[in-house]
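Numbering (my numbering), first residue to last: 99 to 316. Cβ atoms here follow ideal geometry from the backbone N, Cα and C, with glycine treated the same way. These numbers come from a predicted model, not from an experiment.
As structure tokens, this is what we get:
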């Protein structure tokens with residue numbers, strides 16, 4: 099961000115990059131920087147962390163995506179298991195056959211695949227069997243009132259149970275309270291993210307956070 103101003107949300111700048119035809123170039127730069135950061139953390143002994151990179155539907159449609167990811171992993175000597183490609187439920191449904199082929203290639207090369215904002219699109223868990231994915235992220239819309247709204251609680255439980263039956267791990271987005279965490283633990287949710295753990299941090303603050311033993315949530 100510019101001095102004294104807030105950062106710009108991806109919800110604002112990603113559509114602009116897509117409309118300008120620049121999302122592939124910028125996305126490739128992001129993947130390269132993420133791989134460089136993973137390598138740096140491993141060299142300096144900070145730890146072994148898997149990092150997720152958001153990928154848009156346009157990037158999935160780009161025939162060079164797989165090659166770009168391979169190049170970034172190779173040039174920074176990062177094992178593919180430490181990189182995760184994250185795409186939204188809606189982008190999963192764009193150009194389905196090409197998307198499946200791209201994700202299969204990435205997964206065959208050791209890169210994990212996760213679906214963001216699950217529950218807000220128009221797919222179904224049964225339909226997701228067609229896709230080579232590893233994780234689902236339950237949208238914050240179902241987590242926000244999960245301890246007070248029986249319908250949201252039922253949806254969250256169903257997603258966790260059915261995802262596990264398909265061999266997928268489940269991540270809950272937007273976890274902000276101990277009560278939400280307790281509910282998710284009781285229902286065997288695999289991972290969480292949200293302000294209960296931390297707000298988004300600049301790199302230096304993130305490294306301090308990760309180097310503090312009590313912050314290792316596992």
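Residue interval of the beta strand (DSSP E) (run including residue i)
i           : result
residue 246 : First-last for residue 246: undefined, no H or E at that position.
residue 181 : 181-186
residue 231 : Residue 231 -> no beta strand (DSSP E), and no H or E assigned at all.
Extent of the continuous alpha helix (DSSP H) to which residue i belongs
i           : result
residue 153 : Element bounds for residue 153: n/a, residue is neither H nor E.
residue 216 : Segment 210-216 is the beta strand (DSSP E) holding residue 216; no alpha helix (DSSP H) there.
residue 118 : Segment: none, residue 118 is in no alpha helix (DSSP H) and carries neither H nor E.
residue 169 : 163-173
Residue environment, residue i, which counts as buried when at least 16 other CB atoms sit within 10 Å
i           : result
residue 190 : buried
residue 206 : exposed
residue 249 : exposed
residue 142 : exposed
residue 314 : Reliability fails at residue 314, whose pLDDT of 48 lies under 50, so the model's placement of it is uncertain and the value that follows must be treated cautiously. Exposed, because fewer than 16 other Cβ atoms sit within 10 Å of the Cβ of residue 314.
residue 252 : exposed
residue 179 : exposed
residue 210 : buried
Contact under 7 Å by Cβ, residue i with residue j
i           : j           : result
residue 237 : residue 268 : no
residue 200 : residue 231 : no
residue 213 : residue 181 : no
residue 150 : residue 176 : no
Residues sharing a beta bridge with residue i, DSSP
i           : result
residue 204 : Answer by DSSP bridge pairing: none, since residue 204 is not bridged.
Residue i CB to nearest heavy atom of the ligand HEM below 6 Å
i           : result
residue 116 : The ligand HEM is not part of this structure, which contains no ligands at all.
- Write down every uninterrupted run of the beta strand (DSSP E) in the segment 254-310 whose length is 3 residues or greater and which is fully enclosed by it, in chain order. 267-270
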